[in-house]
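Step one of this worksheet: look at the structure below.
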Amino acid sequence: KQPLQVHHKHQTDLSAWRKGGRIDPEKSVQNHQSPKDQKNSSKQDSLEEALSYFEKVQDRVSLKKNSVLQKHLTAVESVASQRGLPPEGFDVLLNVALSGKLADTVNTRLLKSLIPASVIPEDSVVSSVSWLCVSKCSGNIQLLFLKWLITVFDFIDHKEQIHALYGFFFSFLQDEKMCPYVCHLLYLLTRKESVKPFRIRKLLDLQAKMGVQPHLQALLSLYKLFCPELVTITLPGKMKAYFKNSEGPWKAAINAVRQRNQENSPVPQPLFVGTAQPQSRKRKWNSQLIIPASSKTKNNLEEDREKNHVDLYSTNESFPVEQLQTFSQLLQNIHRLEFPSQMGSVLTNPLLLHYMNCIKDESVSLRLYYWMGQTLQEECTWCVANSYQYEEEFKDFLENVYKAECFLQEGFSSCEEFLYKSLPLWDGFCCRSQVLRLVSWIPLSNFSEMKSQLYDPLAQLFFTSSLYFKCSVLESLKELLQNWLNWHVSHLDSESDSEVRFLNTTLSGLVNVVAELIHFVGWISTVGLRLENNSTLMLYFILDFYETVCDIYLKYNLPLLIMPPAGVFYPALLSMDSVSLNQLCYIMYRYRTNLVAAKENELSKKKILQYKFSSQTYQEYNQYIIAMVGCLWTSSAFQKDTHPQGLRMDDELLKKTRVQEFKTSFNIVYHPAMMGYAVLFLQQAWPDDTTFNFSLIK
Amino acid sequence: EPQRTAFLLRKQWTLYSVTPLYRFSPARLRDYASLLSAFIAAEKQKGLAVEVGVELDIKVAVSSLPDLKGSDQDQAGILVQLSLRSQASKKNSEEKMVWSGWFCCVFGDDLSKNVPEDFTCLPLFLANGAESYTSIVGSWFQKTFDCRFRRLAISPLSLSWMAAMWTGCKVDKTTSAMELVFSVPSLPYPLDISYAIHPEDAKALWDTVQKTPGEITQEEVDVFMDCLYSHFHRHFKIHLSATKLVKVSTAIASAHCDGIIKFLQSQYLTGVLMLLTELAISQIQ
Chain A
1 KQPLQVHHKH QTDLSAWRKG GRIDPEKSVQ NHQSPKDQKN SSKQDSLEEA LSYFEKVQDR
61 VSLKKNSVLQ KHLTAVESVA SQRGLPPEGF DVLLNVALSG KLADTVNTRL LKSLIPASVI
121 PEDSVVSSVS WLCVSKCSGN IQLLFLKWLI TVFDFIDHKE QIHALYGFFF SFLQDEKMCP
181 YVCHLLYLLT RKESVKPFRI RKLLDLQAKM GVQPHLQALL SLYKLFCPEL VTITLPGKMK
241 AYFKNSEGPW KAAINAVRQR NQENSPVPQP LFVGTAQPQS RKRKWNSQLI IPASSKTKNN
301 LEEDREKNHV DLYSTNESFP VEQLQTFSQL LQNIHRLEFP SQMGSVLTNP LLLHYMNCIK
361 DESVSLRLYY WMGQTLQEEC TWCVANSYQY EEEFKDFLEN VYKAECFLQE GFSSCEEFLY
421 KSLPLWDGFC CRSQVLRLVS WIPLSNFSEM KSQLYDPLAQ LFFTSSLYFK CSVLESLKEL
481 LQNWLNWHVS HLDSESDSEV RFLNTTLSGL VNVVAELIHF VGWISTVGLR LENNSTLMLY
541 FILDFYETVC DIYLKYNLPL LIMPPAGVFY PALLSMDSVS LNQLCYIMYR YRTNLVAAKE
601 NELSKKKILQ YKFSSQTYQE YNQYIIAMVG CLWTSSAFQK DTHPQGLRMD DELLKKTRVQ
661 EFKTSFNIVY HPAMMGYAVL FLQQAWPDDT TFNFSLIK
Chain B
1 EPQRTAFLLR KQWTLYSVTP LYRFSPARLR DYASLLSAFI AAEKQKGLAV EVGVELDIKV
61 AVSSLPDLKG SDQDQAGILV QLSLRSQASK KNSEEKMVWS GWFCCVFGDD LSKNVPEDFT
121 CLPLFLANGA ESYTSIVGSW FQKTFDCRFR RLAISPLSLS WMAAMWTGCK VDKTTSAMEL
181 VFSVPSLPYP LDISYAIHPE DAKALWDTVQ KTPGEITQEE VDVFMDCLYS HFHRHFKIHL
241 SATKLVKVST AIASAHCDGI IKFLQSQYLT GVLMLLTELA ISQIQ
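Taken in order, these protein sequences are the chains called A and B. If you count the first sequence from 1, position 367 lands on 367 in UniProt numbering, and the numbers rise without skipping. If you count the second sequence from 1, position 62 lands on 62 in UniProt numbering, and the numbers rise without skipping.
Shown next, in the form of structure tokens:
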């Protein structure tokens with residue numbers, strides 16, 4: 001069966017020996033080509049490979065035993081569900097599926113993955129009809145093909161030849177199983193010229209044989225509509241539904257592909273006219289995650305007629321939103337641009353976001369608030385039952401919201417409310433990075449329920465999750481802090497009430513809110529470090545957070561000085577790696593700068609201060625610094641520390657550890673974290689000396 | 001007055017919550033009707049006629065329902081009706097109504113007091129007719145007034161409130177029994193339990209539970225339901241409290257947890273609408 005010339009390749013192909021068993025010649029050919037293919041492992045290539053494979057495949061390749069077939073089948077399926085198949089793909093795949101070469105399981109999967117990216121060429125449909133006539137494939141496949149054809153009917157680019165095949169389709173009415181679907185297809189194809197007396201007679205015969213069937217009635221009613229004189233029987237006036245909804249798995253996939261393609265295009269496209277059918281049942285009519293921007297319809301509304309009347313002398317026509325493509329257009333037309341009819345469309349349109357930023361209009365933000373709030377709540381995949389299959393779409397939507405927030409440099413209040421409602425129900429897994437990023441944009445406010453709505457759910461998830469989740473949470477909380485501080489700085493000078501809801505609070509309120517966040521992070525960091533055994537990765541994120549905290553006073557002009565908790569300080573001081581130690585030293589240095597500046601301001605009495613930092617803050621800092629200096633410099637690591645959770649230990653206890661020089665064990669030379677540097681120093685200073693005599697370093 | 005709203009009774013309405021409509025003007029209902037009919041015609045032309053009939057002509061009527069409001073701050077109800085004109089005879093044609101939907105707001109101050117002038121608060125929408133028409137009309141409203149529809153589900157808690165409240169209402173002739181339908185979870189086959197109670201017995205029970213006429217507390221509702229459950233348990237040894245209440249039918253109205261309601265008495269129409277408005281508002285805010 002296999003062509004003989006491939007045989008000698010088995011010997012030279014080492015992978016053939018590794019796999020063992022029956023070697024598929026196709027596979028070894030593939031392996032030969034593999035180095036080249038692996039370089040461009042893009043999906044497009046894998047699709048082309050798959051298509052050429054299917055073109056050449058011989059019969060009776062079993063799916064279970066052949067991994068090449070599986071690979072190509074999966075490639076086709078994944079490209080189809082991501083972007084849809086290009087027009088060239090249909091011919092090959094339809095031929096394979098309908099020719100009965102492969103097993104039904106393969107054919108079914110192929111047919112189910114026939115999602116068009118743009119159009120379906122007519123020729124492929126015509127040749128598949130000829131396969132249908134030959135009946136090489138099984139009955140089930142034929143039915144599936146018909147269902148598919150009905151669903152994607154609008155995607156076929158030309159239909160002249162298909163109309164010419166009307167008679168062929170008509171002949172399939174004989175088959176009882178195919179009859180309903182053929183009727184539906186004929187219903188779509190029928191034109192006035194298709195109505196012929198012999199066909200009417202045939203339908204009536206079928207009706208006499210099979211009884212009154214809704215699909216036959218449908219076709220007869222359509223015939224009657226075109227040629228009432230030929231169809232003389234009485235038909236029921238109206239029926240709710242003639243045809244069973246045979247949309248199958250394609251409808252949802254087509255809509256998903258369409259949405260994805262719309263997203264990827266830089267300009268929002270108008271809704272794809274080809275499938276202007278109502279959204280499939282799975283995607284509800286009221287809920288679209290991506291809305292194209294369209295301007296309000298102004299026809300026939302009296303109010304606007306009047307307005308236009310008055311402005312006859314000034315060409316004050318508004319600029320239609322659909323034409324807004326470039327930034328310069330926005331600048332030129334900014335005085336006569338109107339917001340789109342549905343505010344939800346600004347999310348994916350950066351130009352409109354710019355415009356929204358300029359025009360601070362309460363109605364505009366309220367419209368967006370309602371739309372976003374309702375969409376977030378309705379589409380939230382962990383709050384609504386049975387919607388986990390829409391996770392990808394929801395993830396993309398959250399991504400869009402996040403990007404818009406980053407663009408505007410502020411959070412949406414509807415998003416904030418959504419987080420408060422959904423975080424307690426969140427599993428920490430679904431759309432994880434999107435949710436955590438959205439948390440970082442929660443606006444700074446005096447929300448009294450912050451603890452129960454935000455901190456408690458986050459803490460619960462934090463303590464029960466993996467190291468990476470913990471680090472992600474810490475990172476997102478650091479960004480939250482930075483966003484708050486940036487917001488504060490940018491609003492320090494402006495006395496305007498544009499940020500309405502916050503102005504009721506005083507500076508002390510603000511300070512309290514920020515302090516609460518910092519204390520929360522301090523608490524979860526302490527516990528987290530214990531849970532993860534002082535993991536270096538986690539320590540990095542924690543110290544990163546405190547790098548922001550230590551400079552709050554000087555950099556962000558907020559009178560707040562909070563020390564890290566002992567559960568963070570000491571693990572960093574005694575850590576095994578130099579990065580943490582270095583970060584800690586830097587942080588302590590910055591703390592000192594901030595504290596000194598605060599003290600100076602206090603002492604100089606230049607301005608009347610609302611805030612005097614309590615001596616406790618200074619005391620805490622001093623304790624830490626004493627411990628640090630004692631460790632690193634004066635080689636009195638365990639003696640000087642007065643911190644209640646510190647390192648102070650009696651000599652007798654230390655002697656029991658049987659470490660020789662415990663006093664110097666954590667100074668700069670001997671600190672385990674600094675070991676690498678010490679070694680490097682010795683190597684540079686005494687390159688020939690192979691014994692590491694650390695006592696040489698003074 | 002009850003005559004004008006009589007057509008709302010004894011029909012099954014699907015419930016939606018609607019966010020405030022932007023720049024909706026109650027004076028321009030005729031314009032909206034013509035815009036909506038143009039929109040429907042355009043959608044039909046795009047080829048979704050799976051329904052063959054002799055229609056191709058849908059007439060849209062948008063009118064106001066001034067009686068459907070609670071307080072004076074409420075916006076009056078708006079009714080949209082779609083009817084088919086038979087093509088056979090254009091004049092004197094019989095118009096068959098195929099779909100109707102109405103917006104209303106009954107004591108919706110919680111919502112309307114917080115929105116600026118440009119917005120019209122009509123948080124409750126009820127639709128009767130084919131889903132395809134609901135989607136077309138709803139899409140038009142969403143596109144034109146930047147509002148957002150959402151199916152309004154009724155929780156079992158709300159349903160039990162309705163059961164208690166409606167039992168206490170005085171009705172002239174009590175024809176229908178009070179019926180509660182429960183769905184049993186976690187079974188391989190679907191099982192619904194229907195529990196019918198003589199309305200007078202139910203009312204008698206409620207009267208013993210309710211302490212202050214005109215006021216209902218959560219405790220009273222719980223006691224009422226518990227009594228019904230324990231009575232059922234005594235006879236059938238089934239704990240209804242472990243099942244999910246999905247439907248409540250009384251002489252006043254019947255409500256299903258999927259958000260479907262049927263009004264049966266016009267004198268209590270406003271009362272039921274007030275409750276539904278409250279549910280709709282809680283879904284919006």
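Note that the Cβ used here is the ideal one computed from N, Cα and C, for glycine as well.
Grouping DSSP H, G and I as helix and E and B as strand, with all else coil, what is residue i?
i, result
"L85/A", "strand"
"G70/B", "coil"
"Y195/B", "strand"
"P571/A", "helix"
"E338/A", "coil"
"I587/A", "helix"
"L102/A", "coil"
"N534/A", "coil"
"residue 299/B", "Coverage of chain B is limited to positions 1 through 285, which leaves residue 299/B absent and any answer about it impossible."
"G168/B", "coil"
"Y189/B", "coil"
"Q283/B", "helix"
"G53/B", "Caution applies to G53/B, whose pLDDT of 46 falls short of 50 and renders its modelled position unreliable; the value that the coordinates give is listed next. Three-state DSSP puts G53/B in coil, outside helix and strand."
"C431/A", "coil"
"N693/A", "coil"
"E179/B", "strand"
"residue 295/B", "In the structure displayed, chain B extends from 1 to 285; residue 295/B sits before or after that span and is not available."
"S41/A", "The pLDDT assigned to S41/A is 48, lower than 50, so where the model puts this residue is not dependable; a value taken from the coordinates is nonetheless given after this. Residue state, collapsed to three classes: coil."
"I58/B", "strand"
"A42/B", "helix"
"T464/A", "coil"
"S638/A", "Residue 638/A is actually Phe in this sequence, not Ser. Residue state, collapsed to three classes: coil."
"E26/A", "Only weak support exists for where E26/A lies, its pLDDT of 43 falling under 50; the coordinates are left without a value."
For a contact meaning CB atoms closer than 9 Å, what does residue i contact in chain B?
i, result
"W382/A", "Correct list: empty, because the minimum Cβ distance to chain B is about 17 Å."
"E55/A", "Here the premise fails: no neighbours, minimum Cβ distance about 34 Å."
Find the residues of chain A that neighbour residue i, judging by a C-beta separation of less than 7 Å, and give them in chain order.
i, result
"D118/B", "S363"
Name the chain A residues that come within less than 8 Å of residue i, Cβ to Cβ?
i, result
"Y22/B", "S363, R367"
"Q142/B", "N286, Q342"
"residue 295/B", "What the structure shows of chain B is the stretch from 1 to 285, and residue 295/B is not part of that stretch, so it cannot be assessed."
"T243/B", "The contacting residues do not exist; T243/B stays about 17 Å from chain A at best."
Run down chain B in chain order and give the residues with a C-beta less than 7 Å from the C-beta of residue i.
i, result
"W250/A", "None at all; the shortest Cβ gap to chain B is about 16 Å."
Mind checking whether residue i and residue j have CB atoms under 9 Å apart?
i, j, result
"R30/B", "D57/B", "no"
"residue 286/B", "A164/B", "Residue 286/B lies beyond the stretch modelled for chain B, which goes from 1 to 285, so this question has no answer here."
"W484/A", "L517/A", "yes"
"C104/B", "L65/B", "yes"
"T250/B", "L273/B", "no"
"L189/A", "H163/A", "yes"
"V96/A", "D157/A", "no"
"G84/A", "P116/A", "yes"
"D418/A", "L480/A", "A small correction: the amino acid at residue 418/A is Phe; Asp does not occupy that position in the sequence shown. No, these two residues do not count as a Cβ contact at 9 Å."
"S580/A", "M674/A", "no"
"L8/B", "W99/B", "no"
"L220/A", "Q259/A", "no"
At least 3 beta-carbon pairs within less than 8 Å: the region 361 to 372 of chain A vs the region 406 to 424 of chain A: yes
Anything in the region 135 to 164 of chain A with a Cβ closer than 8 Å to a Cβ of chain B? List those residues in chain order, please. D154
Using a Cβ-Cβ cutoff of 7 Å, what residues of the region 181 to 195 of chain A are near chain B? List them in chain order. none
Taking one C-beta from the region 220 to 227 of chain A and one from the region 119 to 126 of chain A each time, how about it: are there three or more such pairs within less than 8 Å? At 8 Å Cβ cutoff, the stretches do not touch.
So if I threshold CB-CB distances at 9 Å, which residues from the region 127 to 161 of chain B count as touching chain A? A130, E131, S132, T134, S135, I136, G138, S139, Q142, K143, T144, F145, D146, C147, R148, F149, R150, R151
Indicate whether the contact test is met: 3 or more Cβ pairs, each with one atom in the region 550 to 557 of chain A and one in the region 638 to 656 of chain A, closer than 8 Å. no
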